[in-house]
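One structure below.
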Amino acid sequence: KTIPVVTIVAVFAGMILALQTGIELKRIGSEGLIGNLVAISMTREMGPFITALIIAATVGSAIAAEIGTMSVSEEILALEVMSIDPVRFLVMPRVIALSLMVPILVGLADVLGIVGGAFVASAQLGVEMPNYFDSVRESLMDPTALLPKDIWTGLFKGWVFGAVIAVVSCASGLRATGGALGVGRAVQLAVIQSFLLIIILGYIITWFFYFFITGN
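Given below as structure tokens:
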């Protein structure tokens with residue numbers, strides 16, 4: 070159910086990037102760089118953030134609601150009585166699943182955003198699609214533009230974001246008390262905390278990879 074949402078948002082994000090950058094670049098006769106800028110923006114930042122925020126709002130909230138319902142109905146307590154570790158049984162599978170799937174969705178969002186930008190560049194800015202994708206390809210090959218490190222950094226962000234969303238959502242669900250109202254509070258807390266951590270960790274990862282490691 071998340072893939073259609075990621076698809077729509079990523080395509081329109083790429084279209085918006087192409088439109089906003091293309092308008093300014095066209096004024097100075099550099100509309101050929103639209104593909105370059107869209108590829109860099111989607112791969113470095115937009116793809117991971119778009120995907121993570123959508124996952125937090127959909128999957129994260131569902132996880133918090135499911136485990137929260139189990140907590141308030143004492144199903145977690147029943148697992149403990151049967152000597153089943155709730156963390157190993159409920160939390161770890163979700164952490165592993167999200168940490169594996171979010172990077173895949175990030176890669177999908179990157180591709181869809183670039184394709185969305187191609188439609189706007191062609192239909193509204195007068196850039197032929199072959200020229201647009203030539204610009205994208207040049208950005209992928211140019212060592213001063215989009216490095217392999219940029220792609221891997223975006224995927225690494227997806228891995229971190231997926232694990233964080235799962236941990237925060239499960240923790241919120243496990244702490245839920247007070248019936249249906251408590252489950253609602255757990256879901257709200259899970260989404261808010263996930264959003265905040267995604268933004269903060271996104272900045273820290275970017276700083277670490279682009280300023281600390283490279284020394285730029």
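Residue numbering for the sequence shown follows the working numbering, beginning at 70 and increasing consecutively. Yeah, the Cβ is synthetic: ideal placement off N, Cα and C, and Gly gets one too.
Rounded to a whole number of angstroms, what is the C-alpha to C-alpha distance between G91 and L194? 7 Å
Measuring alpha carbon to alpha carbon, tell me which of A240, L270, G185 and F278 ends up nearest K218. F278
Could you give the distance in angstroms between the alpha-carbon of R113 and the alpha-carbon of A87? 15 Å
Cα-Cα, which of M161, S152 and G137 is closest to G231? M161
Reference V156, options T127, V229, T246 and S238, closest by Cα: S238
Would you kindly report the start and end of the unbroken alpha helix (DSSP H) that includes Q262? G248 to W276
Along the chain, where does the alpha helix (DSSP H) containing L167 start, and where does it finish? M161 to A192
According to DSSP, simplified to helix, strand and coil, what is M151? Residue state, collapsed to three classes: coil.
Contacts around E198, its chain only, beta-carbon distance under 8 Å, and the 5 residues preceding and following it disregarded: The displayed chain sequence assigns Met, not Glu, to residue 198. Only A187, A190 and S191 meet the Cβ criterion.
Grouping DSSP H, G and I as helix and E and B as strand, with all else coil, what is R96? helix
If we count the other Cβ atoms within 10 Å of its Cβ and call it buried at 16 or more, is A121 buried or exposed? When all chains shown are included, A121 counts as buried.
Does the region 252-260 touch the region 133-152, meaning 3 or more C-beta pairs lie closer than 8 Å? yes
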